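A short write-up of the structure that comes next.
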Amino acid sequence: IWSIIKFDDADSPDKFLPASAKPVIQPLPKAYERDIRPDGYKDPVILQAQGAYHCYVIGTMRRTERIYHFTSQDGEQWRPVGDHLDSIMDLEGWHDFYVRPSSVLPFKFGYLFIYEGSNTGWHDPVYNMGTGIAFTFDLHKIRELTIDGPLAVSSTPSPRFHVFRYSHWMNVGDELWVYAEVVCPNESHEIRLFRLPELTR
Numbered sequence: 006i007w008s009i010i011k012f013d014d015a016d017s018p019d020k021f022l023p024a025s026a027k028p029v030i031q032p033l034p035k036a037y038e039r040d041i042r043p044d045g046y047k048d049p050v051i052l053q054a055q056g057a058y059h060c061y062v063i064g065t066m067r068r069t070e071r072i073y074h075f076t077s078q079d080g081e082q083w084r085p086v087g088d089h090l091d092s093i094m095d096l097e098g099w100h101d102f103y104v105r106p107s108s109v110l111p112f113k114f115g116y117l118f119i120y121e122g123s124n125t126g127w128h129d130p131v132y133n134m135g136t137g138i139a140f141t142f143d144l145h146k147i148r149e150l151t152i153d154g155p156l157a158v159s160s161t162p163s164p165r166f167h168v169f170r171y172s173h174w175m176n177v178g179d180e181l182w183v184y185a186e187v188v189c190p191n192e193s194h195e196i197r198l199f200r201l202p203e204l205t206r
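Each residue of the sequence shown is one higher than the one before, counting from 6 in this note's numbering.
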């Protein structure tokens, strides 16, 4: 079962103790035999903002993937924001197959919410992801900005794939740095760094 685990705190990753790992976000038991609810959580995106830790995860449910939002005061005890069955973005439009969290970029007046998704009409939509953007003031109500299609796909696609996924966005000096997994023409993948003017100024 996919779950989010936490190790005991350590000064550096090489001091993590594997035996200390424990699940902190995991599926709840079914209320009845045919109950439909997330059966796994994976790929967390975590930030500290507005007096709490916020964690966005992929929630799997009958082989679909949606975005779920949890908060915590200490990184140990996590609670869903709103009903635990409610995802924060729908499977619709160009991301009607999967929609998944990618990164959150703070602005002075809110947050840019970066997500990725795929369409049922795309080749191999389990892996063939594009990346879109949304905006939020409260870190929970998401206003989608890329309604008609993804903002970012590979600039070196193959005839079948245009993958641009697992991107992380951060302000570095006066630039915006974006790391992403991107497909090449021969359908191999590589991690690329994109450097853009900072958006939050």
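Just so it is clear, CB atoms sit at the ideal spot from N, CA and C, and this is done for glycine as well. Keep in mind it's a predicted model, so treat the numbers as computed, not measured.
Which value, in whole angstroms, describes the spacing of the CA atoms of residue i and residue j?
| i | j | result |
| --- | --- | --- |
| SER12 | PRO18 | First, the residue type needs correcting, since residue 12 is Phe and not Ser in the sequence shown. One C-alpha to the other measures close to 10 Å. |
| GLY126 | TYR132 | 13 Å |
| TYR184 | GLU38 | 42 Å |
| SER108 | ALA26 | 24 Å |
| VAL177 | PRO34 | 43 Å |
Does residue i come out as helix, strand or coil in the three-state DSSP assignment?
| i | result |
| --- | --- |
| PRO210 | The first residue shown for the chain is 6 and the last is 206, placing residue 210 beyond what the model contains. |
| LYS20 | helix |
| MET94 | coil |
| ILE6 | coil |
| ASN124 | coil |
| PHE169 | strand |
| ILE152 | coil |
| TYR132 | coil |
| TRP182 | strand |
Could you please give the first and the last residue of the uninterrupted beta strand (DSSP E) stretch that includes residue i?
| i | result |
| --- | --- |
| SER137 | Residue identity check: residue 137 is Gly in the sequence provided, not Ser. Element bounds for GLY137: 135 to 141. |
| ILE9 | 9 to 11 |
| SER4 | Coverage of the chain is limited to positions 6 through 206, which leaves residue 4 absent and any answer about it impossible. |
| ASN191 | Where ASN191 is concerned, there is no enclosing beta strand (DSSP E), given that its DSSP letter is neither H nor E. |
| PRO164 | That residue, PRO164, is in no beta strand (DSSP E); it is neither H nor E in DSSP. |
| VAL104 | 103 to 112 |
Comparing alpha-carbon positions, which option in the options lies nearest residue i?
| i | options | result |
| --- | --- | --- |
| THR141 | GLY98, LEU33, ILE93, SER8 | ILE93 |
| PHE112 | ARG71, LEU144, HIS100 | LEU144 |
| ARG170 | HIS194, THR76, GLN78 | HIS194 |
| THR5 | TRP99, THR76, PHE75, LYS20 | Outside the modelled stretch of the chain, which goes from 6 to 206, sits residue 5, for which no answer is possible. |
Ranges of the beta strand (DSSP E) found wholly within the stretch 26 to 74, counting only runs of at least 3: 27 to 30, 45 to 54, 57 to 66
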